[in-house]
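Those sequence lines, one after another, are chains A and B. Numbering follows my numbering, in which position 58 of the first sequence is assigned residue number 58; successive positions increment by one, without gaps. Convert by adding 1000 to the 1-based position in the second sequence; the result is the number in my numbering. A virtual CB, placed ideally from N, CA and C, is assigned to each residue, including glycine. Computed from a prediction, not measured in an experiment: that's the story for all the values here. To start, the structure itself, in structure tokens.
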Amino acid sequence: MNEQATALPGTSPAPLLELLNPREQTWTVLIVLALGLVLGSLEMWILGWPLWGATVTVLALLLVPGVLKWRTDLRRYGLTLMVLSVLLVAQGFHGFEHVAQWFQFHVLRWSPRQSGGLVSPANAEWIHFVWNWTVLLAVIFVMRGGMRNVWAWLLLIWATAHTLEHTYLFVRYLQVLQELREIGITNIGGQGLPGIIGRDGWLVRSAWTHGTIFARLPGLTTAIRLDVHFWWNVGETTLLFLAAHTFLRTRLGGRAASRDE
Amino acid sequence: MMNLPRIHTLLKGLTLLGCAFIVGCGGAAPTPTPLSASGLAATIVSSPLTAPTSPCANTFVAHQLDHTTTIQGETVHLYDSNGSGLAINDFDNDGKPDVVLANLNGPNTLLWNLGHLNFRTERLSDNPARAVNAVDVDGDGWQDLVFTHDTTPPTYWRNTGDGRFTQGTLPEITAPAYTMNWADLNGDGALDVVLATYDDGLKQVPGFDWNKMISLVGVNYYERKGEGFTRQQLAKGAQALAIAFPDLDADGHPDVLVGNDFERPDEAWRYTDTGWALIEPFATKMTQNTMSFDVGDVNNDGQPEIFAADMKPYQTDVKTMSTWLPLMDTLNARHPPQAKAQIVENVLQVRGADGRYTNEGYARSVDATGWSWSSKFGDLDNDGFLDIYVVNGMMTEELLGHLPNNELVEENQAMRNKGNGYFAPAPEWGLGSRASGRGMSLADLDSDGDLDIIINNLRSPAQLFENQLCGGSGLEVDLFWPAGGNTRALGAQLILRTSAGGTYYRDVRAASGYLSGDPARIHFGFPANATLQKLEIRWPDGQTSILESPTPQTLVTITR
């Protein structure tokens, strides 16, 4: 990997903001965001699209300045930091998705079924399965590229566990889907079932733990799925930002020292 | 101070022991009165329970009964799918509990207990019948029968005492009812009744004039006044499947708790000087689809808990979830849960120090028993701790069209109280019937000191599960109070103290669970090596009696 290319240009005290700054794409982002919000609203109110459809429209539009920014990042900082930049933005949005779900359920008091966030109603199982594997692979990639600190290792453990949880959920989802097809049910998705941890999850319902103190483990066996995944993502996003901040600060220090010489 | 003889031992064999009995004056918070205190005389008869006719097999043994609840036509629709109840009590005062099973389309069935689990069948046409309670309505010392019929007022079958029942109506009770429960709710010594409707079901009945009946539906409290009843409408609507009378505010008086199906919340009232007042005793969520209630002390601390059953699969494997998902989808669309107040699973409401109840059902692993109907506490294994039995299953074209015969086939769930606050499934007890159970009650039908079970299944023969579990011992208590209108002391509380520790709490009630009448005879189970120290009886009028050192494996009959 080209060390010169991965060093940050400058001595910013907030290297995360430095990396995430859209710079020359700032106005494009703002204009596209405004356009997307108008278009999305029209889709919902006039065409009757669901919220996730409107959200996808906004995201698709934002992808244009995003790609341009990340292409610039690639040229300026190299592949590892470009991937990290993408990861930070995407995981940030994903975390926001779970905040939205949490807000819908706990503040707006929607039912768990209604509290699907912004895009998850499309297909929560597919989205989360693909997303978590992508995040895990991306984390491994940036760690191989140099982001190796204590936060990064914790992030790797956390992301691996989170991905295993979603893999379990996804396999069960496909199995349930298959069962439903076999009995002629095609209009029900089978999403939202409990996973390994959380309320009614494998950890509390297995033959070994049923009827034991396991049913009282705060959060681990008591939190509903929406809360479980809110906290999964709070943890993942926090660790990612801490790991990235530490990593970028080190890189910045290396760049500054190199310049002093 | 009266010089009353103290009872230390009870005679063995079928022996009549005439004795003085100790009754202390109670109050709002009655306390046991010492033996030397003044009191009312009572008679105690103690007789040994019979030895089991067959050796214990460590399981229940299923017997088929001569009754099948049927529906009109071939296809089961909502709300025929809700089936019917049953009641157990001693109708001929021969000391053996008899059984009556309600029916939707065919005749009801009386099963006269001839002993040793032999029954003589008699039919009783009065259909369609939902709930049935066996209570002494007229206070003549014979258990009468009352059936509910959804759209019409309950019918009253008066026990003439010669093995016959004559059909009539309850004076001045004109409201239709789905479910009911009886007790002396205002403390005047006479039996009152609470009736409640199931409005969604009523609206589906062809020809039912909802507008005409709107002032009568909902929850009605009928207070006994002389020969008749006076009505007070507690709620103008109801989806009531269960009614219980726990003492929710611990003031020594029974309160009214009505369990509603769907999004209508369960409601509770307490009796005050100015009438019934709504209360909110539950600090945490209640069942959304409240199918049944029972009240019992699961941890032997002398403070009863409340169990309410709902619908939640007891397994989470792929096949079970695939079966449940379509119906959950339909139900959620029709009746979205009130997320902050209701939960779609069984709850075990435990009273806290602040007097409010919190749900411990999930924490104690009793939250999921399938599409549950009648659920009851009972010390099935005579170990001193109340277990829970729940019957389940569903059949209806409207919700289960994706399943063979439109039927959700489930195994009834027995949950053994482990004695440490947790419950565990007990499939080894052999109670996992796959018939579609609705009404269910527990009683010692063969008088051998353990609880047997009767289930009124929908579209398959009713079942008797003979208890042949090994170990433990029993004590049974019959209370008689012939002087007033509450001849079987409904509402009385019994507390047994043993050398095994803890206090075993029971109460006499007319009904619990779903549509199902309970026997007036109380059963206690305890470890075989335990010594019985003291039986305390708190009569419905607040007076207290204490019986020292009752003998295990006896039936104690106390007549006040």
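Rounded C-alpha distance that separates residue i from residue j
i: B/THR1503; j: B/GLY1252; result: 18 Å
i: B/PHE1524; j: B/GLY1542; result: 22 Å
i: B/PRO1048; j: B/ASP1294; result: 29 Å
i: A/ILE31; j: A/VAL38; result: 11 Å
i: B/THR1396; j: B/LEU1442; result: 27 Å
i: A/GLY92; j: B/LEU1380; result: 55 Å
i: A/TRP231; j: B/ALA1087; result: 50 Å
i: B/GLY1168; j: B/TRP1157; result: 6 Å
i: B/ASP1507; j: B/LEU1490; result: 8 Å
i: B/GLU1074; j: B/LEU1104; result: 13 Å
i: B/THR1068; j: B/LEU1101; result: 9 Å
i: B/LEU1555; j: B/ILE1454; result: 21 Å
i: B/GLY1163; j: B/TRP1112; result: 9 Å
i: B/ALA1129; j: B/GLY1517; result: 13 Å
i: B/SER1460; j: B/VAL1076; result: 13 Å
i: A/LEU33; j: A/LEU61; result: 7 Å
i: B/GLN1232; j: B/ARG1560; result: 31 Å
i: A/ASP227; j: A/GLY36; result: 29 Å
i: B/THR1053; j: B/HIS1116; result: 7 Å
i: B/LEU1547; j: B/ARG1488; result: 18 Å
Three-state secondary structure assigned by DSSP to residue i
i: A/ASP73; result: helix
i: B/GLN1064; result: strand
i: B/THR1059; result: strand
i: B/TRP1481; result: coil
i: B/ALA1087; result: strand
i: B/ASN1417; result: strand
i: B/LEU1257; result: strand
i: A/GLU125; result: helix
i: B/LEU1145; result: strand
i: B/GLU1466; result: strand
i: A/PHE105; result: helix
i: B/PHE1245; result: coil
i: B/ALA1131; result: coil
i: B/TRP1112; result: strand
i: A/LEU17; result: helix
i: B/GLY1237; result: coil
i: A/ALA161; result: helix
i: A/VAL119; result: coil
i: A/ASP227; result: helix
i: A/LEU217; result: coil
i: B/ILE1558; result: strand
Proximal chain A residues relative to residue i, where beta-carbon distance stays under 7 Å
i: B/THR1316; result: PRO194, ASP200 and ARG205
i: B/PHE1423; result: GLY211
i: B/SER1365; result: HIS210, GLY211 and ALA215
i: B/ASP1310; result: The contacting residues do not exist; B/ASP1310 stays about 14 Å from chain A at best.
i: B/LYS1376; result: Residues of chain A passing the Cβ test: none, with the nearest at roughly 19 Å.
Under 8 Å from the C-beta of residue i: neighbouring residues of chain A
i: B/ASP1190; result: As written in the sequence, residue 1190 of chain B is Ala, which differs from the Asp given in the question. Here the premise fails: no neighbours, minimum Cβ distance about 44 Å.
Contacts of residue i in chain B (Cβ-Cβ under 8 Å)
i: A/VAL176; result: VAL1318, MET1321, SER1322 and LEU1325
i: A/GLY184; result: HIS1402
i: A/GLY287; result: Since the displayed chain A opens at 1 and closes at 261, residue 287 of chain A lies outside it and no answer follows.
i: A/SER111; result: ASN1332, PRO1336, PRO1337 and ALA1339
Neighbouring residues, chain A, relative to residue i (Cβ below 9 Å)
i: B/LYS1285; result: Under the 9 Å cutoff, chain A gives no residues; its nearest Cβ is about 12 Å from B/LYS1285.
i: B/LYS1225; result: Correct list: empty, because the minimum Cβ distance to chain A is about 45 Å.
Neighbouring residues, chain B, relative to residue i (Cβ below 9 Å)
i: A/ARG75; result: In chain order: nothing, as chain B lies at least about 49 Å away.
i: A/LEU180; result: SER1322, LEU1325, PRO1326 and HIS1402
Does the structure place the region 89-102 of chain A close enough to the region 162-170 of chain A that three or more beta carbon pairs sit under 8 Å? The region 162-170 of chain A is not in contact with the region 89-102 of chain A.
Three-pair Cβ contact test at 8 Å for the region 1054-1062 of chain B versus the region 1463-1471 of chain B: Touching, per the Cβ criterion.
At what residue ranges does the region 1259-1320 of chain B contain a whole run of the beta strand (DSSP E), taking only runs of 3 or more? Inside the region 1259-1320 of chain B, DSSP marks whole beta strand (DSSP E) runs of 3 or more residues at positions 1267-1272, 1275-1279, 1292-1296 and 1305-1309, from first to last along the chain.
Which runs of the beta strand (DSSP E) spanning at least 3 residues fall entirely within the region 1468-1513 of chain B, listed in chain order? As for any beta strand (DSSP E) of minimum length 3 sitting wholly inside the region 1468-1513 of chain B, the runs are 1473-1480, 1493-1498 and 1503-1507, ordered along the chain.
If you pair each beta-carbon of the region 1238-1249 of chain B with each one of the region 1212-1223 of chain B, do three or more pairs fall below 8 Å? Three or more Cβ pairs closer than 8 Å define a contact, and the region 1238-1249 of chain B meets that threshold against the region 1212-1223 of chain B.
Answer yes if the region 1269-1284 of chain B comes into contact with the region 1316-1331 of chain B, meaning at least three C-beta pairs across the two stretches below 8 Å, and no otherwise. Short answer: they don't touch.
Which runs of the alpha helix (DSSP H) spanning at least 4 residues fall entirely within the region 1148-1219 of chain B, listed in chain order? DSSP runs (the alpha helix (DSSP H)) wholly in the region 1148-1219 of chain B: 1199-1203 and 1210-1213.
Kindly provide the ranges of any alpha helix (DSSP H) runs that are 4 or more residues long and lie completely inside the region 1321-1388 of chain B, ordered along the chain. Secondary structure remark: continuous alpha helix (DSSP H) runs of at least 4 residues inside the region 1321-1388 of chain B: none found.
Tell me whether the region 120-138 of chain A and the region 170-190 of chain A touch, counting them as touching only if at least three CB pairs, one residue from each stretch, are closer than 8 Å. The region 120-138 of chain A vs the region 170-190 of chain A: in contact.
Given 8 Å as the limit, is there contact between the region 1074-1084 of chain B and the region 1115-1123 of chain B, that is, 3 or more CB pairs closer than that? Too few Cβ pairs lie closer than 8 Å, so no.
Under 8 Å, with one C-beta from each stretch per pair, do the region 1402-1410 of chain B and the region 1355-1364 of chain B reach the 3-pair mark? Short answer: they don't touch.
Would the region 222-237 of chain A and the region 1370-1388 of chain B be scored as touching if the rule is three or more Cβ pairs under 8 Å? Not touching, per the Cβ criterion.
Any contact between the region 1527-1538 of chain B and the region 1492-1502 of chain B? By contact I mean 3 or more CB pairs, one from each, below 8 Å. They touch, by the three-pair rule.
Stretch-stretch touch, CB-based, cutoff 8 Å, three pairs: the region 69-85 of chain A with the region 20-27 of chain A: Yes, the region 69-85 of chain A touches the region 20-27 of chain A.
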